[in-house]
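A.B. asks: The structure is given below, and queries will be raised subsequently.
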Amino acid sequence: MPFPSASFSGSRPLAPSADQRPAHQFGLGDDEIACSSALTAADIALREAAGPDTAMRDVRLLRVGRYPGGVHDKEPPPASDTATGPAAPLNAAQLRRITSLHRGFTYQNLYAVGCLLRLRQAGAQTLLMELDEDLEVVLPDRYLYLQVKTRQGNLMWSDIRGSVEQFAKLRAEHTAGRRLGTPKLVVVSNTAPGPDLLQRTQQPGWPADVSLLWPGHPDPQETWLPPATADLTGVLQWCTEQAAQVPFGSLGAQTLVWKLAARVQYASAGAHGRAFHASELPALYEQFVEELQAFPQAPDVYWPHGSEPELTGEQRVRLVTGFSGAGKTTWAAHATARCPLPVTYFDAGQMPPAVVPGALAREVAARHLSRPDAVSLPSGAGIDVLRAVHGRLAHDGTAIAVVIDNVHDLPPDDVRLLVQALSTAQITLLGHPHPDQTALAAHLGLIAESLPGWDTDTVAAVFAAEDCTLDYPTAQRILALTAGLPLYVLNSAHLARTAHAGDGAAFCNAVQAQTHLTPTTQEVILAQIFKQLSAPARITAGLLSIAEVPLTAAELQQLAAAAGSTGPAAARAVRELAGRGLTQAFADDHCQLHDAIRPLAAQAAEDLPAKTTDAVRQALVGLLEGHRGLARLARWMRLLADTGQIETLLELTGQEGFFQGGYPRELSAVIAEVAQDTDRDAISRLEAHNALATWAYGDDDWDTCARHVHAMEILVETSNQIGPREKVLLATRQFILYGQACDVDALDSAFHTALAGIPVPSSHERALRYAYAQSLFLADAYQDAGNAAMELADIYRRHLGLEITHILGNTEALQEACETSENPDAYKRLADCFALFVKSCRRLGLDYGPMAFPAMKLYLFTAAWRSAIDLGQDVVESLMRADETRAALDLINRQLIPVAEDYNLPEDMIGLRSQRAVVLAYLGDIAAARAELHILDHYEVTPGQAYDIHHQRRIVERLAAQ
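As numbered in this note's numbering, residues 29 to 990 make up the sequence shown, in order.
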């Protein structure tokens, strides 16, 4: 390798000057030259990687045999502990010459590395080392000879004269056709040419095919050539920047540079024919084009989300967010099987954002491009390579889908660049809710989505797989506790089995009471998010937890004021919660906590001072009073108990609609305390026992019902506070016990005795007559019950001023009359009479005509939801008898089941769905009917529900056989 211009091979004609003689003429032996040359840039890099101790040990080994005294086979003496650095050289001039020598070698090697990194960009075929010139580049139409010079001062004519004269001979070879291509000599120097040389280059006689290249002065024709730099640091930095643009490189940029430098030096010594071919560069660069990522392995049993979306939709880009454990990745992996496009999965989690575009480009290229096509992509930054990969696919007409996971770990601008680079791909972005999500969605012109989570049936199936018992109401409690997020449901089922003997209700009770000993996965994951909240945000989460129901901004400000906070502070806190995905917004400007975060928010509420909590609850009572929506009404009822407003609560239990919706079951404990409290007045205690008797009657718990009725009898006998209303109330409950015991004589006697003590006509009379007819039905006296029900229906109809055409005609007019009435409960009682007539006819096997449908409508008009469902099932049967099976299915799907879901009546769902199975079977969909009944097998059912399912299954199988 020549330095500065002479060749050790003697191929150049010029004799070296005094400062250009070979190293051995300055007193270095051949073995010293070998040892010095071996200390290449690549060696330095390897030693740096191994650590300073290794590097110093290797340097000592290279210096063996050159210590004073001619010792060749011993280690040098150990350095003194007090030494702070190497000893000063004995010959400083020799050190300068050695340093200069290696500086020149390294500069040339690194410049050759720069040429290699630009070789494909130039369209070159081969780079040759140390033949007629330092570097030679073979291109399709030309042949470049590069002479690399390093100097302390300006480049002089004497420095390059030999090279120019040598090039004249080379030019002649090309002219004669013995060498191909148009030749050109480029002299690369780390310093500018001196005045004399610069003047020479500007003379008319200067060869047009000889150019100089120095810092800041590139070659105007060969713009691909690496720029000359003033020192090694500059050329190393430039090479490193170029190496960073090698697509799909498996080596770090600087590591690749030092590797190439070592290979250049090795080739300069004659290895591999002194040549680097462009076709060999991918292997030399260690370009790694293989798909490294794939979807995590899906579970053996996959339970889909409710109304599960497809992977790709109408929008080219979709953003799907959810807490860790929401099942986003598993959903995407499962949906891939149904996607019509080939899908590439890429997980950006915990990656430095700068490397993401290049890594994603590798994954897409590995899956969709051949390896030669991939490694031949142009060099550039990662995002440029990603664009190039997409461009190649678009050119070939290849449509793809890409799933990018954990996008919350990337800055929004970086995500936008990825989306823009894959401008025609169908892209699904998966990530956690985060504060930048809104801005990202706005920039991408989309609305963030969330997976719906598992539904009640899936919860039941998961618990059944863990051998846990779960009835329908408890399945809904699990759903409310976990928000249906798959990981949380799975963990809940596991804990129910291991910590609660498979009792799902016991697990729910423990978690809601915060008495469970093993933390749930849900708590562990979401606690990390909750810790990141500011103190005002945690307090606001506690307020929303106390509220439980969606609130408007104005309502939340009132609660915040009760807690001693300001409206703006509460609004800022809500925005912070929303940024973390901890709240859910509704179209009517309401917001509430995300179900999954409620257990942690409840803990935050417990940390509030007792005085603050009381003030917030009192304010909430005022906000919710008067609302008829079930959620708000139920929360208001519980608050009445929490704030000691028991009298108001007892008044509610005496209203027609109290037992028609999913009232809060925990109220029964509060009312039971009132019933047993001897310090309370007799009327309050009687009202409490009446409510408890009604609940027991609805649960078919006749022993409990009888116990509370007997307690009412004692209160009536021993108290002087009892009035006509309370006596009628007791009589109606006594009638029911007589009917259940099938004691018609006692029932008749009690009815006439009670009737004699009240004015006729009156509301008390009508109440007694309905209770009497109902009790006849319980006593199996269906004929008498039906007749009594229709007689009473006529009384109610006349009382309300209705004609029979109003009942059987336009239901819109009936609805308007009901809603504008001052006594809507009377319309509900009219519906009760029709319903009792229908049920009596069914038991007798008689046609009940058209009465079921208007009765169901009246129940719906008067918010008697439980009764509407019960009678609605009779309407379904009447539609099927009329061969209106499709209408029957629509009634179940569009009215009855939604009512049960919306008004918290899970105990009615089993009967509705088993009936739905039969309707499906009559429509010919046996598979769907069997699937519906199979789902119900996952639930723990009552004996009556079990009989119902068994009966409906027999019908389905009979239809299947037909």
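Where a beta carbon is used, it is the ideal one built from N, C-alpha and C, also for glycine.
1) Hey, out of F195, Q149, L183, whose CA is closest to Y171's CA?
2) Measure the alpha-carbon distance for M379 versus E960 and round it to whole angstroms.
3) Nearest by alpha-carbon distance to H453: which of G877, G481, H396, I506 is it?
4) Note down, in chain order, each residue of its chain lying with its Cβ closer than 6 angstroms to the Cβ of L806, except the 5 sequence neighbours on either side.
5) Counting along the chain, where does the alpha helix (DSSP H) carrying R346 start and finish?
6) Alpha carbon to alpha carbon, how far is L174 from V92? Give it in angstroms, no decimals.
7) Hey, out of G972, A759, L864, C770, whose CA is closest to H780's CA?
8) With C-beta atoms as the reference, is Y145 less than 9 angstroms away from V348?
9) Any chance the CB of P243 is under 8 angstroms from a heavy atom of the ligand SAM?
10) Can you list, in chain order, the residues of its chain with a C-beta nearer than 7 angstroms to that of F686? Leave out the 5 residues immediately preceding and following it.
11) Can you give the Cα-Cα distance for I5 and N537, rounded to whole angstroms?
12) Use the C-beta contact count for L56: other C-beta atoms within 10 angstroms, 16 or more gives buried, fewer gives exposed.
13) Looking only at C-alpha atoms, which of S906, L830, L874 sits nearest to M884?
14) DSSP beta-bridge partners for K856?
15) Contact defined as beta carbons within less than 8 angstroms: I believe L820 pairs with A845. What is the distance between those atoms, to the nearest angstrom?
16) Determine contact between the region 654-670 and the region 531-545, defined as no fewer than three beta-carbon pairs at a distance below 8 angstroms.
17) Counting only runs of 4+ residues fully inside the region 251-276, write out the alpha helix (DSSP H) ranges in chain order.
18) Have a look at A363, L138, L198 and flag the residue whose alpha-carbon is nearest the alpha-carbon of S296.
19) Return helix, strand or coil for H655, following the three-state DSSP convention.
20) Report all residues from its chain with a CB closer than 6 angstroms to the CB of A891; omit the five preceding and five following residues, and keep chain order.
21) Residues bridged to R170 by DSSP?
22) Out of R444, H460, I188, which has the shortest C-alpha to C-alpha gap to G473?
23) Report the start-end ranges of each alpha helix (DSSP H) in the region 659-741 that is 4 residues or longer and not cut off at the edges.
24) Within the region 148-196, note down every full beta strand (DSSP E) run reaching 3 residues or more, in order along the chain.
25) Using the three-state DSSP reduction, which class does D433 fall into: helix, strand or coil?
26) From A710 to D902, what does the alpha carbon distance come to, in whole angstroms?
27) Return helix, strand or coil for I455, following the three-state DSSP convention.
28) Taking a contact to mean a Cβ-Cβ separation below 9 angstroms, would you say L1022 touches V165 in this structure?
29) In angstroms with no decimal places, state the Cα-to-Cα distance between F133 and D169.
30) Where does S942 land, buried or exposed, given buried means 16+ other C-beta within 10 angstroms?
31) Mind the definition here: the region 481-497 touches the region 459-466 only if three or more C-beta pairs lie below 8 angstroms; say whether that holds.
32) Between A703 and H717, is the Cβ-Cβ spacing less than 9 angstroms?
33) Have a look at the DSSP bridge pairing and note the partners of W242.
34) Give me the residue from L924, I938, C619 with the minimum Cα distance to I963.
35) Starting from the C-beta of P564, find all residues in its chain whose C-beta is less than 6 angstroms away, skip the five residues before and the five after it, and write them out in chain order.
36) Tell me whether A382 is buried or exposed, calling it buried when 16 or more other Cβ atoms sit within 10 Å of its Cβ.
C.D. replies: The relevant details are as follows:
1) F195
2) 45 angstroms
3) For the sequence presented, residue 453 should be read as Ala rather than His. Minimum Cα distance to A453 is reached at H396.
4) G767, Q768
5) Premise fails: R346 lies in the beta strand (DSSP E), 345-349, not in any alpha helix (DSSP H).
6) Bear in mind that a pLDDT of 35 at V92, under 50, signals an unreliable position, so the number given afterwards is only what the model happens to contain. C-alpha separation (whole angstroms): 37 angstroms.
7) A759
8) The identity of residue 145 in the sequence shown is Leu, whereas the question assumes Tyr. No, they are not a contact pair.
9) This structure lacks the ligand SAM, and indeed carries no ligand of any kind.
10) L680
11) The first residue shown for the chain is 29 and the last is 990, placing residue 5 beyond what the model contains.
12) In this predicted model, L56 has a pLDDT of only 33, less than 50, meaning its place in the structure is not dependable enough to derive any value.
13) S906
14) In DSSP, K856 forms no bridge with anything.
15) Contact flag wrong, Cβ pair sits at about 19 angstroms.
16) no
17) 260-271
18) L138
19) coil
20) G685
21) T210
22) R444
23) 674-681, 695-704, 710-726
24) 154-157, 163-166, 170-177
25) strand
26) 41 angstroms
27) strand
28) What is shown of the chain runs 29 to 990, which leaves residue 1022 out entirely.
29) 30 angstroms
30) buried
31) no
32) yes
33) H245
34) I938
35) A597, A601
36) exposed
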